[in-house]
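Following: one structure in structure tokens, then a few remarks.
Residue numbers (UniProt numbering): 1 to 94.
Pasting the structure below:
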């Protein structure tokens with residue numbers, strides 16, 4: 001999670017957000033549930049970025065988690081911003 005760069009408060013914030021969003025997915029072994037959680041995280045991050053609600057470390061950690069849930073973690077970094085909206089909208093429709 002890149003947590004070695006986060007303060008204790010930032011780690012708690014990341015874990016709190018992940019816990020809130022994990023309620024969307026009853027079974028993490030099901031791809032559609034992971035995609036729903038990733039979609040919710042991407043939506044939250046889009047709004048948070050507009051208001052600069054999270055520190056850069058928290059934002060990076062949440063994007064890392066959302067990318068892993070949506071299976072974008074092995075995608076080259078320059079492509080991730082273009083693919084995240086596709087996951088977001090497909091996750092919302094499931």
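All residues carry an ideal CB built from backbone N, CA and C; glycine is no exception.
All values derive from a computational prediction rather than experimental measurement.
Just the Cα atoms here: how many angstroms apart are residue i and residue j?
i: residue 55; j: residue 44; result: 14 Å
i: residue 42; j: residue 30; result: 19 Å
i: residue 60; j: residue 52; result: 13 Å
i: residue 73; j: residue 64; result: 7 Å
i: residue 47; j: residue 32; result: 23 Å
i: residue 37; j: residue 84; result: 13 Å
i: residue 78; j: residue 67; result: 13 Å
i: residue 75; j: residue 18; result: 22 Å
i: residue 16; j: residue 8; result: 12 Å
i: residue 12; j: residue 82; result: 29 Å
Given residue i, which residues of its chain have a CB within under 7 Å of its CB, disregarding the five upstream and five downstream residues?
i: residue 97; result: Absent from the structure is residue 97, since the part of the chain shown begins at 1 and ends at 94.
i: residue 10; result: 55, 57, 58
i: residue 80; result: 67, 72
Tell me which residues share the same chain as residue i and place their Cβ nearer than 8 Å to its Cβ, disregarding the 5 neighbours each side in the sequence.
i: residue 49; result: 59
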